[in-house]
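In this text, residue positions in the sequence shown follow numbering that gives the first Met the number 0: the first is 0, and each later residue adds one. Ideal placement from N, C-alpha and C gives every residue a C-beta, glycine not left out. All values derive from a computational prediction rather than experimental measurement.
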Amino acid sequence: MANSKAAGGKLVELVFKNLGLVFSILRCIKPNVVFKGNALITRYEDVTEVLERDWVFQVTYAEKMYKVTNGSNFFLGMENTEQYTRDVSNMRLTARREDISEIITPFVDKTSMDIIAASNGKMDVVQDLSRVVPTRLIGEYFGTPGWNETEFTDAATSMFQYLFYPDDPEVEKKALDGAEKTRNYLDQAIAERKANRNQRDDVLERCLKLQDAGMPGMADQDIRNNFIGLLIGAIPTTSKCAAVTLNHLFNNPELLVEAQQAARVDDDQKMIQFVQESLRLNAFAAGIQRICAEDYVVAKGTLRSTKIPKGTIVLAATQSAMMDWRKIRKPKEFRLDRPAYSYMHFGYGLHTCFGQYINLAQIPAIVKAVLKQNGLRRVSDMNVVEPFPVNLEIEFDA
Ligand code: HEM
Numbered sequence: 000m001a002n003s004k005a006a007g008g009k010l011v012e013l014v015f016k017n018l019g020l021v022f023s024i025l026r027c028i029k030p031n032v033v034f035k036g037n038a039l040i041t042r043y044e045d046v047t048e049v050l051e052r053d054w055v056f057q058v059t060y061a062e063k064m065y066k067v068t069n070g071s072n073f074f075l076g077m078e079n080t081e082q083y084t085r086d087v088s089n090m091r092l093t094a095r096r097e098d099i100s101e102i103i104t105p106f107v108d109k110t111s112m113d114i115i116a117a118s119n120g121k122m123d124v125v126q127d128l129s130r131v132v133p134t135r136l137i138g139e140y141f142g143t144p145g146w147n148e149t150e151f152t153d154a155a156t157s158m159f160q161y162l163f164y165p166d167d168p169e170v171e172k173k174a175l176d177g178a179e180k181t182r183n184y185l186d187q188a189i190a191e192r193k194a195n196r197n198q199r200d201d202v203l204e205r206c207l208k209l210q211d212a213g214m215p216g217m218a219d220q221d222i223r224n225n226f227i228g229l230l231i232g233a234i235p236t237t238s239k240c241a242a243v244t245l246n247h248l249f250n251n252p253e254l255l256v257e258a259q260q261a262a263r264v265d266d267d268q269k270m271i272q273f274v275q276e277s278l279r280l281n282a283f284a285a286g287i288q289r290i291c292a293e294d295y296v297v298a299k300g301t302l303r304s305t306k307i308p309k310g311t312i313v314l315a316a317t318q319s320a321m322m323d324w325r326k327i328r329k330p331k332e333f334r335l336d337r338p339a340y341s342y343m344h345f346g347y348g349l350h351t352c353f354g355q356y357i358n359l360a361q362i363p364a365i366v367k368a369v370l371k372q373n374g375l376r377r378v379s380d381m382n383v384v385e386p387f388p389v390n391l392e393i394e395f396d397a
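Below you can see the structure in the form of structure tokens.
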């Protein structure tokens with residue numbers, strides 16, 4: 000028994016180590032797999048079908064969201080209800096598209112360059128930069144810098160891991176401790192701001208203005224819960240994407256040279272394409288999980304048509320979809336001219352990332368600041384403690 004368990008563990012490890020290969024075999028011979036209450040969807044067309052039908056394939060995060068917020072849901076954990084629309088709309092009124100060019104990009108550019116300038120030509124990209132910049136952005140733009148920068152970042156990271164990865168009691172304990180600290184801090188930050196209004200134009204101030212106007216869904220606790228959900232989504236994700244992109248470029252010296260040239264002339268559009276393509280080939284996650292709310296047939300009318308029974312946990316494998324040659328031309332090639340639909344890093348359908356436009360500014364800006372450095376070199380391989388990179392040491396001419 001112990002041996003078969005160990006062998007099973009080895010097999011799972013092997014599958015995870017070779018996920019790209021496993022997905023490519025499945026896309027070819029068995030694109031939709033249903034097994035013991037789970038389903039895996041691997042082709043682009045079927046992944047989008049699942050993620051488009053949010054009323055059939057529903058989110059699974061509510062239970063853990065309740066624990067993190069101590070009794071409420073957050074819009075990522077909701078179906079397409081009145082409350083979902085209300086909460087997303089409120090937050091879109093306070094975190095606006097025009098802020099990207101007016102506030103976010105200038106802040107991220109300056110913060111990244113300042114950190115690099117102070118580093119004397121040697122830094123750990125993850126610990127010193129990619130974890131720090133999004134946390135400082137939450138401080139500046141949302142108005143909530145945290146009780147302690149490192150602890151705030153760690154709390155967001157452990158809550159993310161708790162919400163989106165398989166159960167692990169150690170992670171749960173860390174995440175729920177971090178959640179309590181985060182709630183207490185945000186309660187205090189909201190109270191302090193209420194005692195000292197109209198000094199800043201940030202997301203917190205704008206939320207309180209909506210509260211002043213009597214907007215439903217903007218009580219103090221609602222603001223707190225929205226902030227918890229957003230900072231969990233913002234910090235570890237951005238850090239991972241920036242580190243993974245840089246690591247991919249270090250692994251491919253010709254690309255690194257081309258990306259450095261683009262960085263030095265501030266070709267921001269090209270920087271976005273470098274990020275998108277690096278992430279497509281080094282996916283943030285294997286896919287997006289849903290639960291099937293009614294019996295449903297995926298890819299109906301095709302040879303791969305597959306019945307998914309109600310209650311099945313479904314993985315819409317976005318990593319696999321982005322490598323599907325039926326939609327993505329020569330998917331193994333690194334190309335800077337792919338259309339936007341080639342990328343599903345930020346999800347698809349109803350729950351597409353709230354921060355998707357911020358991401359396409361913040362991640363390339365962090366990456367660009369590093370690439371601008373002369374004599375840039377990686378000191379050692381990126382160190383990952385799943386699911387996040389924890390170190391990526393570099394040097395450059397100070
Ligand atoms: C400022 C940064 C970010 C913020 C504020 C943010 C926030 C969010 C929120 C609130 C949602 C739920 C949207 C909804 O329910 O309608 C979401 C979804 C998502 N985000 Fe982000 N996010 C950020 C960065 C990122 C990054 C860098 C990634 C990198 C891969 C990412 C990947 C995703 C994905 C895949 C989903 C879909 C989840 C699902 O459908 O189950 N996010 N994000």
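- In this structure, residue 129 lies away from residue 368, with their beta-carbon atoms at least 8 Å apart.
- Counting the other CB atoms within 10 Å of its CB gives residue 27 a total below 16, which places it among the exposed residues.
- Counting along the chain, residue 123 sits inside the beta strand (DSSP E) bounded by residues 121-123.
- With a cut-off of 7 Å, the C-beta of residue 22 is classified as distant from the ligand HEM, since no heavy atom of the ligand falls inside that distance.
- In this structure, residue 307 lies away from residue 46, with their beta-carbon atoms at least 8 Å apart.
- The residue from 121, 361, 353, 100 with its alpha-carbon nearest to that of residue 73 is 353.
- Distance from residue 357 to residue 103 at the Cβ level is roughly 6 Å; contact confirmed, criterion being Cβ atoms closer than 8 Å.
- Measuring C-alpha to C-alpha distances from residue 290 to each of 315, 148, 218 identifies 315 as the nearest.
- 8 Å or more divides the Cβ of residue 390 from the Cβ of residue 153.
- Relative to the ligand HEM, even the nearest heavy atom lies 7 Å or more away from the CB of residue 142.
- By the criterion of a C-beta distance shorter than 7 Å, residue 199 is surrounded in its chain by 142, once the five residues flanking it on both sides are discounted.
- Contact between residue 89 and residue 207 is ruled out by a C-beta separation of about 12 Å, above the 8 Å threshold.
- Shown here, residue 273 sits in a helix according to DSSP, grouped into three states.
- In this model, residue 252 and residue 338 are separated by some 24 Å (Cα to Cα).
- At the C-beta level, residue 15 and residue 313 stay beyond 8 Å of one another.
- Straight across, the Cα-Cα distance linking residue 298 with residue 48 is about 8 Å.
- DSSP lists no beta-bridge partner residue for residue 114.
- Burial check for residue 373: the Cβ neighbour count within 10 Å stays below 16, so the residue is exposed.
- For residue 306, there is no enclosing alpha helix (DSSP H); the residue is part of the beta strand (DSSP E) that begins and ends at 305-307.
- Closest in C-alpha terms to residue 281, from the list 243, 309, 144, comes 243.
- The three-state reading of DSSP puts residue 34 in strand, counting E and B together.
- In the DSSP secondary-structure assignment, residue 198 is not bridged to any residue.
- The secondary-structure analysis by DSSP pairs residue 338 with nothing; it has no beta-bridge partner.
- Excluding five sequence positions before and after residue 381, the CB atoms of its chain that fall closer than 6 Å to its own CB belong to 246, 388, 391, given in chain order.
- Scanning its chain for C-beta atoms nearer than 8 Å, with the 5 sequence neighbours on each side dropped, one finds around residue 203 the residues 141, 142, 143, 188, 189, 192, 222, 226, in chain order.
- Distances from the CB of residue 87 to the heavy atoms of the ligand HEM include at least one below 7 Å.
- Taking all protein chains in view, the Cβ of residue 109 is surrounded by fewer than 16 other Cβ atoms within 10 Å, so the residue is classified as exposed.
- By the neighbour-count definition (other C-beta atoms within 10 Å, threshold 16), residue 340 is an exposed residue.
- Residue 303 and residue 60 have their alpha carbons spaced roughly 29 Å apart.
- Partner residues in the beta bridge of residue 57, as assigned by DSSP, are 290.
- Following the DSSP letters along the chain, one finds residue 28 inside the alpha helix (DSSP H) bounded by residues 18-28.
- Of the candidates 329, 63, 151, 68, 68 places its Cα closest to the Cα of residue 219.
- When beta bridges are read from the DSSP output, residue 387 appears opposite 384.
- In the three-state reduction of the DSSP assignment, residue 392 falls in the strand class.
- For residue 83, the enclosing alpha helix (DSSP H) stretches over residues 81-93.
- At the C-beta level, residue 164 and residue 171 stay beyond 8 Å of one another.
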